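Same order as they appear, the protein sequences are chains A and B.
Letter 90 of the first sequence, counting from 1, is numbered 90 in my numbering, and no numbers are missing.
For any residue, its number in my numbering is found by taking its place in the second sequence, counting from 1, and adding 1000.
Protein chains: 2
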Amino acid sequence: MCVMPAVMDPRELDSAVCSIARTMELIGHPWTLLVLRDLFNGVRRFDELADHLGIARNVLTRRLAGLVDAGLVEKVSYREPGQRARHEYRLTRAGWDLRPVLLAVMAYGDDHLAGPDGPPLRVEHADCGGQVLVRLECANGHPVDSDSRLRAIPGPGAGFVRESDASAH
Amino acid sequence: MCVMPAVMDPRELDSAVCSIARTMELIGHPWTLLVLRDLFNGVRRFDELADHLGIARNVLTRRLAGLVDAGLVEKVSYREPGQRARHEYRLTRAGWDLRPVLLAVMAYGDDHLAGPDGPPLRVEHADCGGQVLVRLECANGHPVDSDSRLRAIPGPGAGFVRESDASAH
DNA sequence: CATCTGAGTTCTAAAATAGAACCCTGCATC
DNA sequence: GATGCAGGGTTCTATTTTAGAACTCAGATG
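If you want it as structure tokens, here you go:
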């Protein structure tokens, strides 16, 4: 991604065969990322999620079902002693692995959309209290900052726009 | 975000006063992230975007207008010698700064959703050819990996659920 | 003057969200 | 054993969006 100086024409790549497209099918529906945020934050029960998010309950039902289907979340029944059985929704490992995505999105909002008071939330390393930062670097250890040039090349799983599609038009 | 052991109750925070919520208002609509991906990849003209993405043209119109409104994209008219005037959509600096978000989303898809052939696209540092990685680390230089515990605490711009809201219920 | 291309706009139909009301199951209580 | 209530949804209608295709319009081209 990013300025591909004559390396190849990105329009030849099948737009749907793309890790961004695939990931957005899981987390790209309205509310989904906020549901995940709340799950990360330990809000786990249906009613709590509905109340805190202000999402319509039927939509929340669909989102949670989608997340469970996708394997990002699991629904667990539990019972506290003397209490009735309850359900909670927990991140699976695959859901947990979205943490860098959430943090990257949050970092963007902190940098570009915070009010004059500053960012709404501070996320820190529990061990040392240092603020968590999202950094890009390359496999050779070089830092990749905002004006570093990157190059995208088709990987082994790339899909190309088929001849038939191109000519059919 | 992430496991807040009795530090505070995340339900007391206003769900909408959140950098994730704010950012998703800009980039959370269907297709938006794919439009941005194509813009990063140098696909800039309306027809090219419509053809490559397979998005309905009226939706593309709305998404581009939204991105321009949000200041992530600008619409530029230009004319190649001997050609008619054309428009192109270019990322602004604020749009460009979404690169880590796109890369984090892509990295997730590469890790969890790639087929047996491997990831569709490889993004490398133009200077050295090393693959670009999204890393978390804390301000004190510690690496933050998947099982590092993080703590979220209200920042200066936090919004709390108002008494009136809580009691009105 | 007829055609083509770029860049949309304008329709209609299908799908999704918003909001509110309703339902059902287990406990707890009177 | 009827009542109440909380948790966890479902069902309903109204409103927005998206999907898909057709149509417009201006400037270059022949």
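All C-beta atoms, glycine included, are put in the ideal place defined by N, C-alpha and C.
Source: prediction; values computed, not measured.
Does DSSP classify residue i as helix, strand or coil?
i              : result
residue 1027/B : helix
residue 95/A   : helix
residue 118/A  : strand
residue 142/A  : coil
residue 113/A  : coil
residue 1156/B : coil
residue 1132/B : strand
residue 1161/B : coil
residue 1085/B : strand
residue 1151/B : strand
residue 1003/B : Because the pLDDT of residue 1003/B is 43, which lies under 50, any placement of that residue in the model is unreliable, and the number read from its coordinates should be weighed accordingly. Reduced to three states, the DSSP call for residue 1003/B is coil.
Would you grab the beta carbon distance between residue i and residue j for me? Rounded to a whole angstrom, and I think it's under 8 Å.
i              : j              : result
residue 137/A  : residue 1098/B : No, residue 137/A and residue 1098/B are not in contact; Cβ-Cβ is about 18 Å, not under 8 Å.
residue 159/A  : residue 1143/B : About 34 Å separates the two Cβ atoms, so there is no contact after all.
residue 1100/B : residue 94/A   : The pair is not a contact, with the Cβ atoms about 21 Å apart (cut-off 8 Å).
residue 13/A   : residue 154/A  : 7 Å
residue 109/A  : residue 1010/B : Going by Cβ atoms, the distance from residue 109/A to residue 1010/B rounds to 17 Å, so no, they are not a contact pair.
Could you tell me which of the options sits nearest to residue i, measuring between CA atoms?
i              : options                        : result
residue 254/A  : 11/A, 123/A, 112/A, 115/A      : Only positions 1 to 169 of chain A appear in the structure, and residue 254/A is not among them; the question remains open.
residue 149/A  : 1104/B, 1032/B, 1126/B         : 1126/B
residue 1096/B : 1024/B, 1061/B, 1074/B         : 1074/B
residue 1130/B : 140/A, 129/A, 128/A            : 140/A
residue 26/A   : 111/A, 67/A, 86/A, 58/A        : 67/A
residue 151/A  : 1047/B, 1055/B, 1082/B, 1128/B : 1128/B
residue 1145/B : 145/A, 146/A, 135/A            : 135/A
residue 86/A   : 72/A, 23/A, 24/A, 48/A         : 48/A
residue 71/A   : 82/A, 91/A, 83/A               : 91/A
residue 1065/B : 1052/B, 1029/B, 1083/B, 1082/B : 1029/B
residue 24/A   : 1069/B, 1107/B, 1008/B, 1118/B : 1107/B
Within the same chain, show all residues whose beta-carbon is closer than 6 Å to that of residue i, passing over the 5 residues directly before and after it, in chain order.
i              : result
residue 1035/B : 1063
residue 88/A   : 44, 45, 76
residue 1032/B : 1063
residue 57/A   : 50
residue 79/A   : 85
residue 161/A  : 12, 14
residue 1081/B : none
residue 1147/B : none
Grab me the residues of residue i's own chain with a C-beta within less than 7 Å of its C-beta, minus the 5 sequence neighbours each way, in chain order.
i              : result
residue 1156/B : none
residue 21/A   : 15
residue 1059/B : 1031
residue 55/A   : 31
Note down, in chain order, each residue of its chain lying with its Cβ closer than 8 Å to the Cβ of residue i, except the 5 sequence neighbours on either side.
i              : result
residue 1037/B : 1102
residue 114/A  : 120
residue 1017/B : 1157, 1158, 1159
residue 1053/B : 1031, 1034, 1035, 1038, 1060
Would you say the beta carbon of residue i comes nearer than 7 Å to a heavy atom of the ligand NAD?
i            : result
residue 38/A : As far as ligands go, the structure on display features none, and thus does not contain the ligand NAD.
Task: Secondary structure, alpha helix (DSSP H): runs of 4+ residues fully inside the stretch 1009-1072 of chain B - done: 1019-1027, 1032-1040, 1046-1053, 1057-1069
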